[in-house]
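Here is the structure we will look at.
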Amino acid sequence: MDLSLSSLTFSYSLSKTLPPFSFSPFSRLLFLHPSPHSTTFLSFSRQNGRAITASQASNQSKNDDFVLEDVPHLTNFLPNLPSFPNPLQKSQAYSIVKKTFVSPEDVVTQNIVIQKDSPRGVHFRRAGPREKVYFKPEEVRACIVTCGGLCPGINTVIREIVCGLNYMYGVEDILGIEGGYRGFYSKNTMKLTPKVVNDIHKRGGTFLRTSRGGHDTHKIVDNIEDRGINQVYIIGGDGTQKGAELIYEEIAKRGLHVAVAGIPKTIDNDIAVIDKSFGFDTAVEEAQRAINAAHVEVESVENGVGIVKLMGRYSGFIAMYATLASRDVDCCLIPESPFYLEGEGGLFEFIEQRLKENGHLVIVVAEGAGQEYVAADVHAADKKDASGNKLLLDNGIWLSDKIKEHFTKVQKMVINMKYIDPTYMIRAIPSNASDNIYCTLLAHSAVHGAMAGYTGFTVGPVNSRHAYIPIARVTEKTNTVKLTDRMWGRLLASTNQPSFISSDKEIILDLNDINITST
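Counting from 1, one number per residue, gives the positions in the sequence shown under the UniProt record's numbering.
Next comes the structure, spelled out in structure tokens:
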């Protein structure tokens, strides 16, 4: 068995106490050492990349099934690493907290809606301060890097990592890596202190600047080693987090006393496992301004058609939530839900119907929706950016042109088209109050985890409880809108738009999105 497979997890049946375990530094595989106080079933079976227990295989009671997808710890490859009392024990701020430290046995469950005979399922380690730390504050040299596209809240995360390290743990040596991953080996660094970052949360963008691509694992780790850095905080999307995992693995191979913590960033909310990504609430709120402007414009003219293009490369969460929040949107088009223009039940027929009923309509379209139609029309070749993401064509302009062409030439109807693309306006604004609080929790969770010796992890809320998650779990697939969920049903009920499914059209649903219950 190849123990380095990151897709392997270990299931175990738990009785009274948690058995001791060790962890492979290059996987999420738990090795359990049986104790006289526990019943441990050691049996592996490949099922969708998951391991199952012998109790499951023999159809024993599933109520005792328990899966812990653990994160690596520095002691996995540095077994003699000493620990120290957590400085928070003497913190005036935490002195009033009833339970300052998180118990080693605290876990967060991934699924909270279960049935009577359901297995207990997957769990993650709960985030928060531990009683013991594996770094002396005066010996810590931390660094922070931001990669990929802009998103509201990046500066808040930077600020709170710096302030959290300094105020909670007394760390004073903190570096900012400028310009993304390539900044490790080609750019200068800046010294970060609470005073330097004091008001950066009020600004959009990233204080440290960013870039796409530039990841060279060996160069980056060489630089980390040469500079004496022992805590690395990496803020970025799924591509950035994959890079963070490679950095962690190289550090583990070299046996360096360096903790690597990831803070997932994507304005599209397409990071798997976690409840939502930071900046998403701000993006939905700001999108309302564009939708409201489009609605005012089309209401003021005859046969007004407003199109608002919002972010959403593969996931239509911003478009869906902005539509639900606005109530002024007549139709929402997202990448997950195919649509067609002509014929019965098509978009053109729906537009004509709404114009006859109301005299105007507003369409919200996510940037990834209908890309196959746009590509076919313009005969565009697939191109990718520096991060390896497919460059999208402008479906907003394409859709506007198609609607104008159809109604002026085919229907002989005069329409007033209004097109708004607020993409860069949304990306560039500072985070709102909700996201500021969320970013603070993410930053503090990352700091607590790194100081406690965890590494190769990312942080985020799972069912509203912050947890430490293996990086591979948040990068193995993209979080998308599930067309079989109630939220999409609520949107269809709100807009009364067609489902765009007809007898000669095929819609392919991911079977993982469909809950099948046997009776």
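Don't be surprised by glycine CBs; every beta carbon is placed ideally from N, CA and C.
(1) Report the rounded CA-to-CA distance for VAL197 versus ASP106, giving the unit in angstroms.
(2) Report the three-state DSSP secondary structure of MET190 (helix, strand or coil).
(3) Return no unless some Cβ of chain D is closer than 9 Å to the Cβ of VAL329.
(4) For ILE274 and VAL474, which I take to be in contact (beta-carbon distance under 8 Å), what is that distance rounded to the nearest angstrom?
(5) Please report the straight-line C-alpha distance between ASN80 and LEU74, rounded to a whole angstrom.
(6) Report buried or exposed for MET311, applying the criterion of at least 16 other Cβ atoms within 10 angstroms of its Cβ.
(7) Suppose you measure from the CA of SER300 to the CA of LYS265; what does that come to, to the nearest Å?
(8) Three-state secondary structure (DSSP) at MET417?
(9) What separation, rounded to the nearest whole angstrom, lies between the Cα atoms of GLU302 and LYS390?
(10) Quick one: grab the DSSP three-state call for ALA467.
(11) Going by other Cβ atoms of all chains shown within 10 Å of its Cβ, with 16 needed for buried, is MET168 buried or exposed?
(12) Roughly how many whole angstroms lie between the Cα atoms of ASN188 and LYS219?
(13) By Cβ distance, which residues of its chain are closer than 8 Å to GLU178, with the 5 residues on each side in sequence left out?
(14) I'd like to check one pair, PHE500 with SER337: are the Cβ atoms closer than 9 Å?
(15) Determine the closest residue to LEU355 out of CYS331, ILE437 and ALA376, with distance taken between C-alpha atoms.
(16) Helix, strand or coil for GLN231? Go by DSSP, reduced to three states.
(17) Go ahead and pull the three-state DSSP assignment for LYS402.
(18) Alpha carbon to alpha carbon, how far is ARG465 from LYS99? Give it in angstroms, no decimals.
(19) Determine, using beta carbons only, whether GLN115 and THR458 come nearer to each other than 9 Å.
(20) Assuming ALA366 and ALA428 form a contact by the criterion Cβ under 8 Å, report the distance between their Cβ atoms to the nearest whole angstrom.
(21) Looking at GLY205: is its Cβ nearer than 9 Å to the Cβ of LEU78?
(22) Excluding sequence positions up to five away, which residues of its chain have a Cβ less than 6 Å from the Cβ of LEU192?
(23) Is ILE200 buried or exposed, if buried means 16 or more other CB atoms sit within 10 Å of its CB?
(24) Straight-line CA distance for SER4 to ASN479?
(25) Leaving out five residues on either side along the sequence, give the residues of the same chain with a beta carbon under 7 Å from the beta carbon of GLU405.
(26) Rounded to whole angstroms, what's the CA-CA distance from PRO72 to ILE251? Just pull it up for me.
(27) Going by other Cβ atoms of all chains shown within 10 Å of its Cβ, with 16 needed for buried, is GLY49 buried or exposed?
(28) Within 10 angstroms of its Cβ, does GLU245 collect 16 or more other Cβ (buried), or is it exposed?
(29) Assess, as a yes-or-no matter, whether the stretch 211 to 229 is touched by the stretch 278 to 292 under the definition of 3 or more beta carbon pairs within less than 8 Å.
On the basis of the data shown:
(1) 33 Å
(2) strand
(3) Of the protein chains in the structure, only one exists, and it is not chain D.
(4) 7 Å between Cβ atoms; contact.
(5) 10 Å
(6) buried
(7) 39 Å
(8) Residue state, collapsed to three classes: strand.
(9) 38 Å
(10) When DSSP states are grouped into helix, strand and coil, ALA467 belongs to the strand group.
(11) buried
(12) So the two alpha carbons sit approximately 15 Å from each other.
(13) LYS187, ASN188, THR189, MET190, LEU208 and ARG209
(14) yes
(15) CYS331
(16) When secondary structure is reduced to three states using DSSP, GLN231 falls in the strand class.
(17) helix
(18) 16 Å
(19) no
(20) Between ALA428 and ALA366 the Cβ distance is about 19 Å, and since that is not below 8 Å, they are no contact.
(21) Judged by beta-carbon spacing, LEU78 lies beyond the 9 Å limit of GLY205, meaning their Cβ atoms are not closer than that value.
(22) VAL162, ILE174 and GLY176
(23) Around the beta carbon of ILE200, 16 or more other beta carbons sit within 10 angstroms, so the residue counts as buried.
(24) Summary for SER4: the model assigns pLDDT 39, below 50, so the residue's position carries little reliability; its value from the coordinates is reported in the next sentence. The straight-line gap from Cα to Cα measures roughly 25 Å.
(25) none
(26) 12 Å
(27) Note on GLY49: pLDDT 38, under 50, position unreliable in the model; the coordinate value appears next. The residue is exposed, with fewer than 16 neighbouring Cβ atoms inside 10 Å.
(28) The residue in question, GLU245, is buried, as its Cβ has 16 or more Cβ neighbours within 10 Å.
(29) Too few Cβ pairs lie closer than 8 Å, so no.
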